[in-house]
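Protein chains: 2
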Amino acid sequence: MKKASLKDIAESLGVSKALVSLVLNGKGDERGINRQTQEKVKLKAKELNYIPNQYARGLRIGRTNTIGVIVPDISNIFYGKLCKAIEQEAYLRGYNLIISNTYEDAQKEKKLISDLINRNIDGLILASSFDDKNEIDNLRQNDFPLVLVDRTFENFEVDSISVSNREGAAKAIEFLYSKGVKKPVCFTISPVYVSSISERIQGYLGALKDQQDAKLFQIPHNNIEEGVANALAELKHQDYDGIFCVNNNIAKAILRELSVGQDSLQNIRIISFDDIEVFDIANPKISSISQPIETMGKKAVTLLIDRFDNPEEHKIQHLVLETVLIER
Amino acid sequence: MKKASLKDIAESLGVSKALVSLVLNGKGDERGINRQTQEKVKLKAKELNYIPNQYARGLRIGRTNTIGVIVPDISNIFYGKLCKAIEQEAYLRGYNLIISNTYEDAQKEKKLISDLINRNIDGLILASSFDDKNEIDNLRQNDFPLVLVDRTFENFEVDSISVSNREGAAKAIEFLYSKGVKKPVCFTISPVYVSSISERIQGYLGALKDQQDAKLFQIPHNNIEEGVANALAELKHQDYDGIFCVNNNIAKAILRELSVGQDSLQNIRIISFDDIEVFDIANPKISSISQPIETMGKKAVTLLIDRFDNPEEHKIQHLVLETVLIER
DNA sequence: CTGAAAGCGCTTACAG
DNA sequence: CTGAAAGCGCTTACAG
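The structure is reproduced here in structure tokens:
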């Protein structure tokens with residue numbers, strides 16, 4: 001691809017690169033450049049199909065209009081939708097995205113973060129798998145523009161946006177009780193230390209009528225099917241009559257498992273965090289705690305860009321959005 | 001983020017930037033640089049936590065180790081998985097991804113392509129929404145590294161990887177017949193001109209026992225629910241007894257619609273292109289034509305990188321993978 | 001109103 | 001064995 005450069009435009013017009021740069025960046029009037037000259041430049045730029053080299057530009061001014069996004073797994077529908085929302089808002093604002101997945105691997109996350117920073121991203125939107133905020137404390141110390149999304153850290157002075165997981169989980173348990181469930185069990189997922197998951201577990205525990213009933217199954221994130229199958233097998237012989245799933249992947253695995261037998265569990269009532277389309281058509285019916293994914297994604301971008309644009313006035317924010325109970 | 005540069009290393013060691021660059025790029029021995037000097041350089045680089053600025057590097061050598069990926073919609077599970085496969089292979093090979101969505105909007109696709117090229121991506125993996133290969137013919141003419149994935153163009157000398165859509169669709173129709181279906185209808189989706197969809201339609205038409213039975217519903221991609229609801233309502237009064245869905249989104253919409261009534265259609269047999277988890281738990285059972293998504297994604301990356309690395313010897317390839325019928 | 005020059009951080013001939 | 005210099009394409013003081 002032979003692309004036109006500033007130089008090409010300048011030479012073909014007999015003006016300097018500096019002038020062309022100024023005009024094309026909308027500083028023509030401000031710098032009092034002849035209107036006719038400005039027109040000529042713009043015309044020629046269009047004619048040569050000029051597009052500025054963002055990396056040369058980035059190298060010079062230290063901004064690349066690129067936002068890094070790191071999530072655990074984009075093929076998880078929750079993160080897929082989140083990335084979509086982020087992408088749409090970013091596109092509107094003129095930013096590109098570099099999206100990467102960690103698959104809950106802290107080593108990979110470390111590498112990705114330095115890779116991305118190294119690629120001169122202007123800022124980072126992160127759904128972190130780290131168990132400790134210290135892993136990213138250097139970013140905070142260096143004032144690197146960072147927004148935590150979905151997963152946050154306590155007492156960490158960095159912009160974040162998430163949902164009220166504890167309340168959402170409590171709402172789920174109360175719903176189960178209201179439907180006659182006596183003993184609800186919680187299916188959680190590894191890594192259990194990420195804020196969203198641990199808060200949901202706390203919400204479950206806090207909402208239990210009798211702490212004696214507390215029962216948690218921890219399903220490994222990279223082997224959900226088997227973990228769920230084992231848990232369900234164990235439940236068969238017990239008197240738990242409700243299941244709270246901490247995320248949609250768990251609920252989906254339960255549905256699959258139930259569809260191939262486990263008749264004795266057909267009467268168990270299920271509710272899950274994340275509202276996904278599958279629940280509309282699933283049998284048994286699965287109620288859910290729906291998250292405002294779009295708002296979360298768009299707002300993350302807004303927070304980040306505000307941080308770029310107003311580094312001085314920008315106030316660190318911790319936004320917490322409400323969830324909605326969807327009864328089925 | 002104050003990052004260490006070549007200069008920092010060079011100065012603190014009293015050597016030149018050139019030497020440092022050579023050593024760090026593994027050309028120390030080749031250029032006969034003193035082993036001890038090399039060691040010192042590497043140590044200091046580690047100590048200062050040096051990471052090269054990829055964009056300065058890219059500006060200089062014209063490569064950025066970044067691959068652009070453009071798909072219609074990453075929140076569609078098919079493309080989500082495809083991107084995941086692409087990401088995994090790219091990560092292994094040391095490449096980053098810039099992923100963007102077109103939402104089937106040709107204008108946006110045009111803009112994204114020039115944006116990405118402009119960001120010095122080394123190559124592009126594209127699932128195009130264009131109705132005409134001429135839209136990207138300039139890329140081909142300029143020898144820009146490009147791999148078409150999922151959606152291809154006929155008689156277009158550019159690497160591509162896709163599945164045998166026609167045969168897959170035919171297989172689906174034959175399966176319906178084998179299960180006693182007499183008159184299968186096809187639910188297709190807009191834009192209907194993209195290769196994958198049009199080939200599936202051709203497969204459907206070609207496999208019909210009686211061309212008189214041909215019946216197509218064209219569902220708009222941005223209003224699937226309503227389109228499907230209308231189509232199903234119309235079907236109620238007719239004698240079609242099988243449905244072939246050209247993709248998973250259509251099938252999911254049918255499942256939802258059926259779950260809220262339409263009893264008279266419960267006995268219709270359904271098969272869909274794309275095998276998704278939902279089908280395992282869905283009622284009615286939905287058979288499917290499964291695509292080798294992982295292979296498609298990984299192979300796209302391989303093709304692209306081979307193109308970079310061996311620009312001379314690289315032969316244009318059009319890979320077509322087989323689909324698999326999943327009976328349910 | 002416009003241009004010449006410096007410099008962002010890197011790599012690569014070229015010279016010794 | 002190593003260094004000085006040029007240049008990738010851009011923007012921005014500075015000068016006139």
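Each protein sequence line maps, in turn, to chains F and E. Numbering-wise (my numbering), the first sequence opens with residue 1 and increments by one. Numbering-wise (my numbering), the second sequence opens with residue 1 and increments by one. A virtual CB, placed ideally from N, CA and C, is assigned to each residue, including glycine.
query = Cβ of Ala-56 (chain F) less than 9 angstroms from any chain E Cβ?
reply = Here the question's residue 56 (chain F) lines up with position 56 in the first sequence. With respect to chain E, the C-beta atom of Ala-56 (chain F) has a partner C-beta closer than 9 angstroms.
Same chain only: Cβ atoms within 6 angstroms of Glu-89 (chain F), ignoring 5 sequence neighbours per side = In the first sequence, counting from the first residue as 1, residue 89 (chain F) sits at position 89. Lys-298, Val-301.
request  = Kindly indicate which three-state DSSP category Gly-261 (chain E) falls into: helix, strand or coil?
outcome  = Position 261 of the second sequence, counted from the start, is the residue given in the question as residue 261 (chain E). In this structure, Gly-261 (chain E) counts as coil in the three-state DSSP scheme.
task = Count the other CB atoms, across all protein chains shown, that sit within 10 Å of the CB of His-237 (chain F); report buried if there are 16 or more and exposed otherwise.
result = Translated into the one-based positions of the first sequence, residue 237 (chain F) becomes position 237. Exposed is the call here.
request  = Decide if Asn-249 (chain E) is buried, meaning its Cβ has at least 16 other Cβ atoms within 10 Å, or exposed.
outcome  = If you number the second sequence from 1, residue 249 (chain E) lands on position 249. The residue in question, Asn-249 (chain E), is buried, as its Cβ has 16 or more Cβ neighbours within 10 Å.
Residue of E:Gln-211, E:Ile-254, E:Asn-247, E:Asp-213 minimising C-alpha distance to Asp-231 (chain E) = Taking the first residue of the second sequence as 1, we reach residue 231 (chain E) at position 231. First, the amino acid is wrong: residue 231 (chain E) is Ala here, not Asp. Of the candidates E:Gln-211, E:Ile-254, E:Asn-247, E:Asp-213, the one whose C-alpha sits nearest the C-alpha of Ala-231 (chain E) is E:Ile-254.
query = Are the Cβ atoms of Leu-148 (chain E) and Ser-162 (chain E) separated by less than 9 angstroms?
reply = Looking up residue 148 (chain E) in the second sequence gives position 148. Looking up residue 162 (chain E) in the second sequence gives position 162. Remark: C-beta atoms of Leu-148 (chain E) and Ser-162 (chain E) approach each other more closely than 9 angstroms.
request  = Return yes when at least one heavy atom of the ligand NAP lies under 8 angstroms from the C-beta of Lys-111 (chain F), else no.
outcome  = As presented, the structure is devoid of all ligands, the ligand NAP included, so that no description of it is given.
query = What in chain F is Cβ-close to Ser-259 (chain E), meaning under 9 angstroms?
reply = For the purposes of this step, residue 259 (chain E) is taken as the residue at position 259 of the second sequence. Near Ser-259 (chain E) (Cβ distances below 9 angstroms), the residues of chain F are Asp-280, Ile-281, Ala-282, Asn-283.
query = So is Leu-43 (chain F) buried or exposed if we call it buried at 16+ other beta carbons inside 10 Å?
reply = Reading the first sequence from its first residue, position 43 is the one you call residue 43 (chain F). Per the 10 Å Cβ criterion, exposed.
ask   = If Gly-168 (chain F) and Thr-323 (chain F) are in contact, beta carbons under 8 angstroms, what's the gap, nearest whole angstrom?
value = Here residue 168 (chain F) is taken as the residue at index 168 of the first sequence, counted from 1. Here residue 323 (chain F) is taken as the residue at index 323 of the first sequence, counted from 1. Confirmed, Cβ separation roughly 4 angstroms.
Neighbour list for Ser-287 (chain F) in chain E, Cβ cutoff strictly below 9 angstroms = Locating residue 287 (chain F) in the first sequence gives position 287, counting from the first residue. Near Ser-287 (chain F) there are no residues of chain E at all, since even the closest Cβ is about 15 angstroms away, more than 9 angstroms.
inquiry  = Closest to Ile-125 (chain F) by C-alpha separation, out of F:Leu-82, F:Ile-113, F:Gly-68, would be which residue?
reply    = Taking the first residue of the first sequence as position 1, residue 125 (chain F) is located at position 125. Out of F:Leu-82, F:Ile-113, F:Gly-68, F:Gly-68 has the C-alpha closest to the C-alpha of Ile-125 (chain F).
Closer than 7 angstroms at the beta carbon, the chain E residues around Leu-255 (chain F) = As a first step, residue 255 (chain F) must be located in the first sequence, where it is residue number 255. Scanning chain E for C-beta atoms nearer than 7 angstroms to the C-beta of Leu-255 (chain F) yields Ile-281, reported in chain order.
key: With 16 other Cβ atoms within 10 Å as the buried cut-off, status of Lys-331 (chain E)   = Chain E is shown from 1 up to 328; residue 331 (chain E) falls before or after that span and cannot be answered.
Meets three-Cβ-pair contact criterion under 8 angstroms: the region 152 to 160 of chain F and the region 302 to 320 of chain F = Output reads yes: the region 302 to 320 of chain F touches the region 152 to 160 of chain F.
ask   = Comparing alpha-carbon positions, which option in E:Phe-279, E:Gln-218, E:Ile-113 lies nearest Ile-136 (chain E)?
value = Here residue 136 (chain E) refers to the residue found at position 136 of the second sequence. Answer by Cα proximity: E:Ile-113.
Cβ pair count under 8 angstroms reaching 3, the region 172 to 189 of chain F against the region 215 to 222 of chain F = Counting Cβ pairs under 8 angstroms, three or more are found: they touch.
query = Ordered along the chain, which non-local residues of its own chain (more than five positions away) have a Cβ less than 6 angstroms from that of Glu-11 (chain E)?
reply = Indexing the second sequence from 1 puts residue 11 (chain E) at position 11. Within the same chain, Glu-11 (chain E) has no close Cβ partners at all.
query = Across which residues does DSSP place Arg-269 (chain E) in a beta bridge pair?
reply = Within the second sequence, residue 269 (chain E) is the residue found at index 269, counting from 1. Residue pairing of Arg-269 (chain E) in beta bridges, as defined by DSSP: E:Gly-242.
query = Taking just the CA atoms, how far does Asp-132 (chain E) sit from Val-246 (chain E)?
reply = Here residue 246 (chain E) is taken as the residue at index 246 of the second sequence, counted from 1. Here residue 132 (chain E) is taken as the residue at index 132 of the second sequence, counted from 1. Roughly 21 angstroms between the two C-alpha positions.
request  = Could you please give the first and the last residue of the uninterrupted beta strand (DSSP E) stretch that includes Val-320 (chain E)?
outcome  = Here the question's residue 320 (chain E) lines up with position 320 in the second sequence. Start and end: 318 to 321.
request  = Report all residues from its chain with a CB closer than 8 angstroms to the CB of Asn-34 (chain F); omit the five preceding and five following residues, and keep chain order.
outcome  = The sequence position of residue 34 (chain F) within the first sequence is 34, counting from 1. Once the five neighbours on either side are set aside, Asn-34 (chain F) has no close Cβ partner at all.
request  = Look at Asp-150 (chain E) and Phe-78 (chain E) and say whether their C-beta atoms are less than 9 angstroms apart.
outcome  = On the second sequence, position 150 is the one that residue 150 (chain E) refers to. On the second sequence, position 78 is the one that residue 78 (chain E) refers to. Their beta carbons are under 9 angstroms apart, which means Asp-150 (chain E) touches Phe-78 (chain E) by this criterion.
request  = Report yes or no: do three or more beta-carbon pairs, one from the region 101 to 111 of chain F and one from the region 61 to 76 of chain F, lie closer than 8 angstroms?
outcome  = By the criterion of at least three beta-carbon pairs nearer than 8 angstroms, the region 101 to 111 of chain F is in contact with the region 61 to 76 of chain F.
Residues that DSSP places opposite Gln-218 (chain E) in a beta bridge = As a working mapping, residue 218 (chain E) is identified with position 218 in the second sequence. Bridge partners of Gln-218 (chain E): E:Thr-188.
inquiry  = Let me check understanding here. Comparing Cα to Cα, which of F:Ile-99, F:Cys-83, F:Lys-3 lies closest to Gly-62 (chain E)?
reply    = By one-based count along the second sequence, residue 62 (chain E) stands at place 62. Relative to the Cα of Gly-62 (chain E), the nearest Cα in the group F:Ile-99, F:Cys-83, F:Lys-3 belongs to F:Lys-3.
request  = Quick one: using the 10 Å Cβ neighbour count with 16 as the cut-off for buried, is Ser-16 (chain F) buried or exposed?
outcome  = Position 16 of the first sequence, counted from the start, is the residue given in the question as residue 16 (chain F). Ser-16 (chain F) counts as exposed, since fewer than 16 other C-beta atoms from the protein chains shown sit within 10 angstroms of its C-beta.
request  = Could you check the C-alpha separation between Ala-251 (chain F) and Pro-284 (chain F) for me, to the nearest Å?
outcome  = Along the first sequence, one-based indexing puts residue 251 (chain F) at 251. Along the first sequence, one-based indexing puts residue 284 (chain F) at 284. The straight-line gap separating the alpha-carbon atoms of Ala-251 (chain F) and Pro-284 (chain F) is approximately 11 angstroms.
inquiry  = I need the straight-line Cα distance from Gln-54 (chain F) to Val-194 (chain F), nearest angstrom please.
reply    = Along the first sequence, read from residue 1 onward, the residue named residue 54 (chain F) stands at position 54. Along the first sequence, read from residue 1 onward, the residue named residue 194 (chain F) stands at position 194. Distance between the alpha carbons of Gln-54 (chain F) and Val-194 (chain F) is about 36 angstroms.
Helix, strand or coil at Ile-125 (chain E) according to DSSP, with G and I counted as helix = Within the second sequence, numbered from 1, the residue matching residue 125 (chain E) stands at position 125. The answer is strand: DSSP assigns Ile-125 (chain E) an E or B state.
request  = Please say whether Asp-309 (chain F) and Gln-291 (chain F) have beta carbons closer to each other than 9 angstroms?
outcome  = Residue mapping note: residue 291 (chain F) aligns to position 291 of the first sequence, counting from 1. Residue mapping note: residue 309 (chain F) aligns to position 309 of the first sequence, counting from 1. Against a cut-off of 9 angstroms, the Cβ pair of Asp-309 (chain F) and Gln-291 (chain F) comes out as no contact.
Helix, strand or coil at Val-15 (chain E) [DSSP, three-state] = Along the second sequence, one-based indexing puts residue 15 (chain E) at 15. DSSP places Val-15 (chain E) in coil when its eight states are reduced to three.
query = Per DSSP, Thr-66 (chain F) forms a beta bridge with which residues?
reply = Walking along the first sequence from the start, residue 66 (chain F) turns up at place 66. By DSSP's assignment, Thr-66 (chain F) forms a beta bridge with F:Asn-96.
ask   = Looking at Ile-219 (chain E) and Ser-198 (chain E), is the spacing between their C-beta atoms short of 9 angstroms?
value = Translated into positions along the second sequence, residue 198 (chain E) becomes position 198. Translated into positions along the second sequence, residue 219 (chain E) becomes position 219. Not in contact: Ser-198 (chain E) and Ile-219 (chain E) (Cβ atoms no closer than 9 angstroms).
key: Listed by chain order, chain F residues near Leu-97 (chain E) by CB distance under 9 angstroms   = If you number the second sequence from 1, residue 97 (chain E) lands on position 97. Residues of chain F passing the Cβ test: Ile-98, Ile-99, Ser-100.
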